[in-house]
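Protein chains in written order, with the numbering used here: chain B, 18 to 581; chain X, 293 to 473; chain E, 154 to 210.
Here it is as structure tokens:
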């Protein structure tokens with residue numbers, strides 16, 4: 018049983034902070050940033066290689082760097098950070114002790130050992146199999162082993178989260194339902210269980226196959242189950258970063274959910290249907306029926322998309338409501354113009370919201386349409402799409418969250434505040450460009466994971482459209498911008514943790530437990546007289562863009578070779 | 293706030309703003325429209341995969357492709373030694389993927405339909421037909437069969453767009469589409 | 154985590170929450186649903202179809 022000595026009261030938010038949980042949050046956040054820095058560097062080298070005028074790396078190094086880039090940022094950075102989010106959303110937001118901190122440390126160590134092992138395997142050069150490691154292409158055994166250790170660690174961390182929910186409820190550290198942000202984290206944790214289970218089911222036999230115990234792994238079955246992990250892990254991100262959006266809006270602006278019911282139902286749709294979208298990767302495979310493809314790829318009739326579109330309204334809506342309550346009521350957009358754009362947490366969060374919707378969200382639905390997928394499968398359109406979701410969406414949201422974690426958890430003030438202020442814009446513009454220009458190149462037919470679009474060494478010749486070279490060059494430039502933004506982030510965060518001015522020692526528990534920046538006016542965020550015209554304009558623009566782009570692609574499809 | 297438990301013990305009964313309800317309805321209906329579009333395209337559209345597939349060993353598929361190539365070979369491509377194969381219109385066309393080539397080169401007639409059989413002899417490959425941009429995933433051990441009807445004459449390139457090792461970026465194939473003689 | 158603790162009126166007069174709220178307040182029910190649905194519709198359905206792919210004639 019936790020003693021009071023294990024807690025401090027946060028003087029800024031009034032939250033009761035369990036110190037062992039705080040230590041785990043710190044460790045996971047630091048590991049996350051380290052892997053972001055490593056993976057980001059690999060990513061930059063990949064983009065510079067794909068810029069034909071630069072063509073930085075030789076082929077072997079390119080495929081090696083691409084494999085490392087995928088694993089380091091798509092798995093290690095994101096999941097370490099998500100562990101921090103889970104511990105924060107459970108122990109800290111519920112004012113509870115963390116269940117089994119020792120298991121939390123075991124999880125952390127397993128994840129760290131796994132991530133380092135996988136990186137070593139890749140750097141040794143025998144495991145350039147890409148993040149997806151499709152069989153029968155074979156990596157070194159310790160590549161799979163590293164991923165398995167990482168996954169097991171993550172699963173333990175997820176169960177510490179569930180355990181904390183039980184502890185908090187049993188010890189009655191809160192009244193009623195868990196906070197919305199915790200509910201979003203719960204959504205992420207549930208998806209994580211399915212994700213990690215799929216990973217274990219497929220990676221353990223693949224590991225045994227790599228050391229010769231199993232003779233054959235069926236490539237189609239591998240692909241089905243692997244994507245249960247590979248795509249669902251990105252759905253953990255979606256749930257986690259939506260939770261982070263709500264958290265930042267609440268902490269920075271005092272925003273309240275427009276409606277608990279609507280926002281939670283939207284998360285409920287995620288829990289039920291989001292993972293089905295792993296089917297997005299199997300739409301042009303032989304031997305799987307169109308019924309399976311249509312049902313799964315559409316998340317059971319687009320109910321998870323409905324969830325996302327609801328968050329797309331309720332997140333900016335809650336911000337608009339909070340701003341209007343503060344008196345920014347002129348016209349349609351005064352609330353947005355006068356939002357705290359100089360606060361990197363808010364700026365990063367809002368850019369993440371807009372870019373996730375417009376770049377990642379719309380294109381994800383297009384890619385995930387059974388027949389339209391044929392136009393884009395395995396072209397650069399695919400990485401273009403997921404750099405819109407995972408980089409412009411998740412990574413930017415997590416970076417924004419860090420600007421709150423540093424003062425609240427590390428108790429340090431940000432160093433170089435001007436740099437921090439510009440960081441989300443620099444990184445956001447870079448990420449948006451990467452996403453757009455890769456999608457442009459993909460629309461022109463450029464393959465993903467491809468070292469040489471001039472086909473110099475090939476027996477036959479092929480000239481890709483000239484526009485593709487322009488796209489790849491612009492992509493390279495944007496990658497440099499994003500890398501600078503990433504560097505700025507690492508400098509600010511590491512600098513602040515090491516050299517930032519210490520914030521005052523934890524205040525005694527006598528401080529009022531209510532957060533000073535929240536002054537509830539109405540009992541429901543959007544209830545009563547509050548109208549949200551600005552948000553309605555934003556979502557209308559989004560909807561029109563969505564519908565138009567959707568049917569443009571059908572028109573494009575109708576122009577290719579008839580086939581059945 | 294979203295970081296605190298809901299103010300009401302029972303929040304399920306709380307009122308929902310009208311504009312929120314409108315948006316939810318619009319988003320739900322749009323989802324149904326998109327779902328319906330996918331289904332409808334199977335009836336009105338000309339680009340749908342049949343998903344027809346068979347289990348096949350690489351040896352058998354290679355033998356069939358080589359037999360077809362020998363039977364219908366019309367010439368060799370330049371000095372590459374790669375046969376150009378012209379299967380009969382309406383008949384079966386075979387193309388195999390292996391490290392790192394698409395083999396053989398096919399010559400098809402515009403406006404005619406062919407049953408195109410594709411499989412891989414080793415790893416996974418990506419069949420990316422350019423510049424028309426049709427992309428399919430090719431697995432070893434599985435034969436994908438699709439009926440294609442080229443609707444424009446010209447030279448088409450098959451690029452591999454699934455990573456398949458160090459020679460991946462040299463893996464190119466070709467399909468000629470010619471007007472009917 | 155006993156369900157009965159949840160249903161007890163908190164301050165004497167609080168009525169029991171409606172069923173949807175009780176579902177959303179139950180993390181382990183949600184965990185069950187969130188793992189079962191994709192396992193059945195995504196994994197098992199696909200694996201069933203893969204096993205039925207015929208051998209080439």
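Every residue gets a Cβ at the ideal spot worked out from N, C-alpha and C, and that includes glycine. Bear in mind the structure is a predicted one, so any value in this text is a computation, not a measurement.
At the level of alpha carbons, what is the spacing between residue 133/B and residue 153/B?
The residue labelled residue 133/B in the question sits at position 116 within the first chain. The residue labelled residue 153/B in the question sits at position 136 within the first chain. Rounded to whole angstroms, residue 133/B to residue 153/B spans 24 angstroms at the Cα level.
State the Cα-Cα distance for the pair residue 45/B and residue 36/B, rounded to the nearest angstrom.
Within the first chain, numbered from 1, the residue matching residue 45/B stands at position 28. Within the first chain, numbered from 1, the residue matching residue 36/B stands at position 19. Taking the straight line from one Cα to the other gives about 14 angstroms.
Straight-line Cα distance separating residue 200/B from residue 150/B:
As a first step, residue 150/B is located in the first chain; it is residue number 133 there, counting from the start. As a first step, residue 200/B is located in the first chain; it is residue number 183 there, counting from the start. C-alpha separation (whole angstroms): 33 angstroms.
Could you tell me the boundaries of the beta strand (DSSP E) in which residue 363/X lies?
The count along the second chain starts at 1 and reaches residue 363/X at position 71. Run containing residue 363/X: none in the beta strand (DSSP E); it sits in the alpha helix (DSSP H), 350-364.
Could you work out which residues of chain B lie near residue 434/X, taking near to mean beta carbons separated by less than 7 angstroms?
Translated into the one-based positions of the second chain, residue 434/X becomes position 142. By Cβ distance, chain B contributes 237, 303, 304.
For a test of the three-state rule: what should DSSP assign to residue 168/B, helix, strand or coil?
Within the first chain, residue 168/B is the residue found at index 151, counting from 1. It is helical.
What is the DSSP secondary structure of residue 405/X, reduced to helix, strand or coil?
On the second chain, position 113 is the one that residue 405/X refers to. Reduced to three states, the DSSP call for residue 405/X is coil.
So residue 451/X and residue 296/B are supposed to be a Cβ contact under 8 angstroms. How far apart are they, rounded?
In the second chain, counting from the first residue as 1, residue 451/X sits at position 159. In the first chain, counting from the first residue as 1, residue 296/B sits at position 279. Not a contact, Cβ separation roughly 25 angstroms.
Residue range of the beta strand (DSSP E) that residue 395/X falls in?
For the purposes of this step, residue 395/X is taken as the residue at position 103 of the second chain. Per DSSP, residue 395/X belongs to the beta strand (DSSP E) from 393-395.
Can you tell me whether residue 351/X is buried or exposed? The criterion is at least 16 other CB atoms within 10 Å of its CB, across all chains shown.
One-based indexing of the second chain puts residue 351/X at position 59. Counting Cβ neighbours within 10 Å, residue 351/X comes out exposed, since fewer than 16 surround it.
What residues of chain X sit near residue 386/B, judged by a beta carbon separation below 8 angstroms?
What you label residue 386/B is simply residue 369 of the first chain in a count that begins at 1. Those are 326, 329, 330, listed as they occur along chain X.
Pair every Cβ in the region 393-403 of chain B with every Cβ in the region 228-245 of chain B, then say whether three or more of these pairs are closer than 8 angstroms.
no
In three-state terms, what does DSSP make of residue 35/B?
Counting from one through the first chain, the residue named residue 35/B turns up at place 18. Residue 35/B: strand per DSSP, three-state reduction.
Drop a sphere of 10 angstroms on the beta-carbon of residue 531/B, count the other beta-carbons inside from all chains shown, and report buried for 16 or more, exposed for fewer.
Looking up residue 531/B in the first chain gives position 514. Only weak support exists for where residue 531/B lies, its pLDDT of 39 falling under 50; the coordinates are left without a value.
Taking just the CA atoms, how far does residue 380/B sit from residue 562/B?
Taking the first residue of the first chain as 1, we reach residue 562/B at position 545. Taking the first residue of the first chain as 1, we reach residue 380/B at position 363. The straight-line gap from Cα to Cα measures roughly 11 angstroms.
Kindly list the residues whose CB is nearer than 7 angstroms to the CB of residue 311/B, restricted to its own chain and excluding five residues on each side of it in sequence; keep chain order.
As a position in the first chain, residue 311/B is number 294, starting the count at 1. Cβ neighbours of residue 311/B beyond the five flanking positions: 387.
Measuring straight from C-alpha to C-alpha, what distance separates residue 75/B and residue 338/X?
On the first chain, residue 75/B is found 58 positions in, with the first residue counted as 1. On the second chain, residue 338/X is found 46 positions in, with the first residue counted as 1. The straight-line gap from Cα to Cα measures roughly 42 angstroms.
Just tell me which of 205/B, 125/B, 290/B has its CA closest to the CA of residue 315/B.
As a working note, residue 315/B is residue 298 in the first chain. Ranking the options by Cα distance to residue 315/B, first place goes to 290/B.
By the criterion of Cβ-Cβ separation under 8 angstroms, what are the contact partners of residue 188/B in chain X?
Walking along the first chain from the start, residue 188/B turns up at place 171. Within chain X, no residue comes near residue 188/B; the closest Cβ sits about 14 angstroms away, beyond 8 angstroms.
Per the DSSP calculation, residue 437/X is bridged to which residue(s)?
Stepping through the second chain from its first residue, residue 437/X is reached at position 145. Answer is 409/X.
Is there a C-beta anywhere in chain B that falls below 8 angstroms from the one on residue 197/E?
Counting from one through the third chain, the residue named residue 197/E turns up at place 44. Output row for residue 197/E: interface = no.
Could you give the residue range of the alpha helix (DSSP H) that holds residue 296/B?
For the purposes of this step, residue 296/B is taken as the residue at position 279 of the first chain. Run containing residue 296/B: none; DSSP gives neither H nor E here.
By the 10 Å Cβ neighbour count, where 16 or more other Cβ atoms means buried, how is residue 568/B classified, buried or exposed?
Sequence index remark: in the first chain, residue 568/B carries index 551 (1-based). When all chains shown are included, residue 568/B counts as exposed.
Can you check whether the CB of residue 409/X is closer than 8 angstroms to the CB of residue 386/X?
Within the second chain, the letter at position 94 stands for residue 386/X. Within the second chain, the letter at position 117 stands for residue 409/X. Result yes, Cβ atoms of residue 386/X and residue 409/X sit closer than 8 angstroms.
Select from the region 490-521 of chain B all residues with a C-beta closer than 8 angstroms to any C-beta belonging to chain X, and list them in chain order.
none
Residue 333/B in three-state terms, based on DSSP:
Here residue 333/B refers to the residue found at position 316 of the first chain. Of the three classes helix, strand and coil, the one that applies to residue 333/B here is helix, per DSSP.
With a threshold of 8 angstroms, are at least 3 pairs of Cβ atoms found where one atom belongs to the region 229-236 of chain B and the other to the region 125-145 of chain B?
no
What does residue 295/B touch in chain E if you count any residue whose Cβ is under 7 angstroms from its own?
Taking the first chain and counting its residues from 1, one reaches residue 295/B at position 278. Those are 195, listed as they occur along chain E.
Of the residues 313/X, 393/X, 472/X, which one's Cα is nearest the Cα of residue 475/B?
In the first chain, residue 475/B corresponds to position 458, counting from 1. Comparing Cα positions, the closest option is 393/X.
Tell me, please, whether the CB atom of residue 348/X is closer than 8 angstroms to any CB atom in chain B?
For the purposes of this step, residue 348/X is taken as residue 56 along the second chain, with counting starting at 1. No, its Cβ sits nowhere closer than 8 angstroms to a Cβ of chain B.
Go to residue 417/X, then tell me how far its beta strand (DSSP E) extends in each direction, as first and last residue.
Your numbering for residue 417/X matches position 125 in the second chain. Residue 417/X -> beta strand (DSSP E) spans 417-422.
Starting from residue 24/B, trace the alpha helix (DSSP H) both ways and give me its first and last residue.
Looking up residue 24/B in the first chain gives position 7. Note, residue 24/B: premise wrong, no alpha helix (DSSP H); beta strand (DSSP E) at 24-26.
So residue 38/B and residue 115/B are in contact, right, with Cβ under 8 angstroms, and what is the actual spacing, rounded?
For the purposes of this step, residue 38/B is taken as the residue at position 21 of the first chain. For the purposes of this step, residue 115/B is taken as the residue at position 98 of the first chain. Right, their Cβ atoms sit about 4 angstroms apart.
How many angstroms separate the CA atom of residue 251/B from the CA atom of residue 488/B?
Start at 1 with the first residue of the first chain, and residue 251/B comes out as number 234. Start at 1 with the first residue of the first chain, and residue 488/B comes out as number 471. The straight-line gap from Cα to Cα measures roughly 26 angstroms.
With the cut-off set at 8 angstroms, would you say residue 208/B and residue 187/E are in Cβ contact?
Here residue 208/B refers to the residue found at position 191 of the first chain. Here residue 187/E refers to the residue found at position 34 of the third chain. Closer than 8 angstroms, so yes.
Residue from 304/B, 308/B, 356/B, 283/B with nearest C-alpha to residue 320/B:
Indexing the first chain from 1 puts residue 320/B at position 303. Comparing Cα-Cα distances from residue 320/B to each of 304/B, 308/B, 356/B, 283/B, the minimum goes to 283/B.
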